[in-house]
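Heads up, the thing below is written out as structure tokens.
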Amino acid sequence: FALGTVGVDIGTGAQRYTFGSAELIGGIDFIPLAIGLFGIGEILYSVYLNQHAEDFPYIKVSTKDEGFWPSRREWKESRWPTARGSVLGFLVGVLPGAGATIASLMSYSMEKSISKTPEKFGKGAIPGLIGPEAANNAASAGSLVPLLTLGIPGSGSTAVLLGAFLLYGLRPGPLLMTQNPEFAWGLIASMYLGNVVLVLLNIFAIPLFASFMKIPLRIAIPVIVVLCTIGTYTVNGSIIETWLMVLAGVLGFFMKRFGFSPAAAIVALVLGPIAEETLRQTLLISNGSPLIFYQRPVAFGLVILFAVLIAVPVAYRLIRGRSLPAVPGEED
114 FALGTVGVDI GTGAQRYTFG SAELIGGIDF IPLAIGLFGI GEILYSVYLN
164 QHAEDFPYIK VSTKDEGFWP SRREWKESRW PTARGSVLGF LVGVLPGAGA
214 TIASLMSYSM EKSISKTPEK FGKGAIPGLI GPEAANNAAS AGSLVPLLTL
264 GIPGSGSTAV LLGAFLLYGL RPGPLLMTQN PEFAWGLIAS MYLGNVVLVL
314 LNIFAIPLFA SFMKIPLRIA IPVIVVLCTI GTYTVNGSII ETWLMVLAGV
364 LGFFMKRFGF SPAAAIVALV LGPIAEETLR QTLLISNGSP LIFYQRPVAF
414 GLVILFAVLI AVPVAYRLIR GRSLPAVPGE ED
């Protein structure tokens with residue numbers, strides 16, 4: 114949210130945190146921040162974990178190989194995990210900030226807890242593979258629900274999508290369906306069509322994807338860094354934004370190192386200016402009184418819901434931390 118305040122104050126017209134730079138008057142663009150957090154930050158974290166020391170083993174894959182296509186038994190075993198993972202993933206995806214990773218972990222834990230053979234999990238059990246993947250895909254669709262209805266991105270990818278909408282003058286929210294119905298329904302239709310296209314592409318492109326594993330990481334990492342730098346600079350031709358991308362990469366590394374979600378920074382950057390604008394409009398209507406947030410049942414209900422969403426994860430971590438015994442000699 115602090116990064117979202119960089120630029121010109123919408124109320125007074127005064128510059129905030131620009132440090133005399135004309136390039137920061139328009140605020141911080143989400144593209145350098147996203148590339149830095151998810152691109153450079155991930156590379157720095159992999160180097161920190163020493164994952165570049167050894168290349169991943171390459172296994173040649175072909176659609177004609179025996180066992181490439183699922184058998185009838187595997188289809189039968191995957192029916193209910195697919196259904197459970199899809200429902201769970203969609204519900205988790207609707208929650209802003211939850212993301213596909215949490216949905217996958219919850220689905221895996223659920224499938225393992227209800228399985229009659231939990232000892233097979235981690236060794237290629239079908240429910241442990243199908244359930245999390247179904248939840249992962251469903252969460253991507255669920256994250257669009259708060260974006261299209263409330264203008265709140267449900268994940269880092271939808272935050273980037275929200276930024277693209279704003280660049281084209283589209284304001285996601287309750288009025289999107291009435292003001293831009295062709296775009297809204299076209300987006301919904303593309304999700305159905307995209308699933309069919311992705312199935313066909315992924316099935317026949319698996320050998321191509323597997324061939325990428327032949328690229329040594331000592332070559333892939335410099336190429337990714339160069340592409341991130343070029344991509345950031347070509348957006349606005351700004352050297353400052355390129356340095357912001359580098360700083361965002363360092364920030365992304367420390368966020369991953371200490372267990373914070375980089376996607377939360379993207380969501381806050383995109384929603385920060387919108388939240389500030391609507392907050393000022395609301396306080397102007399109420400003559401500066403914060404009681405306006407509690408006078409209407411819908412507003413009061415949302416305040417209670419947000420408080421619960423913030424308090425429940427914190428309470429869960431505290432309870433879980435007290436219940437787990439300390440392991441001697443184990444480092445965090």
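In this note's numbering, each number is its position in the sequence shown, counted from 1, plus 113.
Where a beta carbon is used, it is the ideal one built from N, C-alpha and C, also for glycine.
Nothing here was measured: the structure is a model prediction, and the numbers come from that model.
Near residue i, which residues of its chain fall below 7 Å by C-beta distance, leaving aside the five closest residues on each side in sequence?
| i | result |
| --- | --- |
| tyrosine 221 | Gly241, Gly244 and Pro245 |
| proline 285 | Leu260, Leu261, Gly264, Leu275 and Phe278 |
| isoleucine 337 | Gly152 and Ile156 |
Please work out which residues of its chain come closer than 8 Å, Cβ to Cβ, to residue i, disregarding the five sequence neighbours upstream and downstream, and give them in chain order.
| i | result |
| --- | --- |
| arginine 129 | Thr118, Val119, Gly120, Val121 and Asp122 |
| arginine 393 | Ile123 and Gly124 |
Between which two residues does the alpha helix (DSSP H) harbouring residue i extend?
| i | result |
| --- | --- |
| methionine 358 | 352-370 |
| arginine 197 | 185-207 |
| glycine 255 | 239-255 |
| proline 294 | 294-324 |
Ignore the nearest five residues each way along the sequence and tell me which others in residue i's own chain have a CB closer than 6 Å to its CB.
| i | result |
| --- | --- |
| tyrosine 448 | Beyond the ends of the chain as shown, which are 114 and 445, falls residue 448; an answer cannot be given. |
| methionine 358 | Pro145, Ile148, Gly149 and Thr345 |
| lysine 225 | Pro231 and Phe234 |
Closest to residue i by C-alpha separation, out of the options, would be which residue?
| i | options | result |
| --- | --- | --- |
| alanine 135 | Glu187, Met358, Ile353 and Ile334 | Ile353 |
| glutamate 155 | Leu384, Gly385, Ala420 and Leu364 | Leu364 |
| arginine 197 | Ala248, Glu187 and Gly372 | Ala248 |
| phenylalanine 114 | Leu396, Arg409 and Val383 | Val383 |
| leucine 275 | Leu218, Phe143 and Leu116 | Phe143 |
| cysteine 341 | Phe132, Val200 and Gly362 | Gly362 |
Measure the C-alpha to C-alpha separation of residue i and residue j and round it to an integer number of angstroms.
| i | j | result |
| --- | --- | --- |
| arginine 185 | glycine 140 | 56 Å |
| proline 265 | leucine 288 | Going by the sequence as given, residue 265 is isoleucine instead of proline. Using only the alpha carbons, I get a separation of about 14 Å. |
| proline 283 | phenylalanine 234 | As written in the sequence, residue 283 is leucine, which differs from the proline given in the question. So the alpha carbons of these two residues sit roughly 45 Å apart. |
| tryptophan 356 | leucine 137 | 12 Å |
| isoleucine 239 | lysine 189 | 10 Å |
| glutamate 389 | tyrosine 161 | 37 Å |
| leucine 93 | isoleucine 423 | A question about residue 93 goes unanswered here, because the residues of the chain that appear run from 114 up to 445. |
| threonine 271 | alanine 252 | 11 Å |
| leucine 306 | phenylalanine 371 | 39 Å |
| asparagine 163 | glycine 133 | 40 Å |
| arginine 409 | threonine 391 | 16 Å |
Would a check of beta-carbon distances place residue i closer than 8 Å to chain D?
| i | result |
| --- | --- |
| leucine 415 | Note that chain D does not occur in the displayed structure, where there is just one protein chain. |
**Study point:** Three CB pairs or more closer than 8 Å across the segment 143-158 and the segment 375-387
**Key:** Taking a cut-off of 8 Å for Cβ pairs, the segment 143-158 and the segment 375-387 touch, as three or more such pairs fall below it.
Point to revise | the segment 403-410 touching the segment 181-201, judged by at least three CB pairs closer than 8 Å | key: Judged by Cβ distances under 8 Å, the segment 403-410 makes no contact with the segment 181-201, as fewer than three pairs qualify.
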